[in-house]
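A.B. asks: Numbering (this note's numbering), first residue to last: 7 to 294.
No residue lacks a Cβ here, since even glycine has one placed at the ideal position from N, Cα and C.
Small disclaimer: the values here were computed from a predicted structure and weren't measured.
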């Protein structure tokens, strides 16, 4: 496993040991983020991260056979068509795929395609590969997923968007306890994931610490909490989920270096494993 670090992170840090996919321990440097963007993060005490075989075995088998990347590019093709406008001739703006019967997790991805925002209606770029990522996460965790399929008004920006209305219906029909919203962050940000919970208002910080523990186990980082993207604004999916639907929620801003497999396949794979193991763990450990 190559430990990928975003380009903007300073080349300073401490030496540690990372286990490769073949089981060897190798020395790497865990790098510290630039002070202005990803400060030293203090975490609540968390559960000790352990490899989850139900997730890791199928993911590793897919990786070794090449099926992981085949699925990734096949999934993303639907969103990437028409310059990331998606299914422009289709009638639907979004798609919901129900997960396993006993799951309590709903994952959302509102920016899988380009979208429009504000009065000038300028096109905003898609958070590329969040569409492929959300489907891979369902493959490995059985969570419910909801994602956009064509360019339209930003589903997370407007309070009465069809996307949010569909979320209300999903919550009525399924026993959902937690919403995880997948968004993208640009290459200039010095983190792998910024977790937004409005300073712990949406979900106890111990669960965010659990996510960080799974990331450290896989050599993914830095992970920060409520740093640049706290999800505190009312229009965010995380805020809507907590304030209007009375659910626990977290927003995950994923840096572009970890969600562009055409540039770094292993970084994307590692992010998929981290989120899959965390979601599997959360689905079985979350307490209202």
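Judging by CA-CA distance, which residue of 154, 132, 184 is the nearest neighbour of residue 141?
C.D. replies: 154
A.B. asks: Can you find at least 3 beta carbon pairs, one from the region 116 to 126 and one from the region 52 to 71, that sit closer than 8 Å?
C.D. replies: Taking 8 Å as the limit for Cβ pairs, the verdict is that the region 52 to 71 does not touch the region 116 to 126.
A.B. asks: Would you grab the beta carbon distance between residue 212 and residue 50 for me? Rounded to a whole angstrom, and I think it's under 8 Å.
C.D. replies: Indeed they touch by this definition, with Cβ atoms about 5 Å apart.
A.B. asks: Going by alpha carbons, who is nearest to residue 100 out of 173, 198, 285, 283?
C.D. replies: 173
A.B. asks: Looking only at C-alpha atoms, which of 253, 236, 163, 276 sits nearest to residue 225?
C.D. replies: 276
A.B. asks: Output the distance between the C-alpha atoms of residue 284 and residue 217, rounded to the nearest integer angstrom.
C.D. replies: 6 Å
A.B. asks: By the 10 Å Cβ neighbour count, where 16 or more other Cβ atoms means buried, how is residue 228 classified, buried or exposed?
C.D. replies: buried
A.B. asks: For residue 177 and residue 103, what's the separation of their Cα atoms in angstroms?
C.D. replies: 13 Å
A.B. asks: Report the start-end ranges of each beta strand (DSSP E) in the region 235 to 288 that is 3 residues or longer and not cut off at the edges.
C.D. replies: 254 to 261
A.B. asks: List, from N- to C-terminal side, the beta strand (DSSP E) runs of 3 residues or more that fit wholly inside the region 125 to 158.
C.D. replies: 128 to 130, 150 to 154
A.B. asks: Locate the beta strand (DSSP E) running through residue 119, then write down its first and last residues.
C.D. replies: Taken as a continuous stretch (DSSP letters only), residue 119 belongs to no beta strand (DSSP E), as it is neither H nor E.
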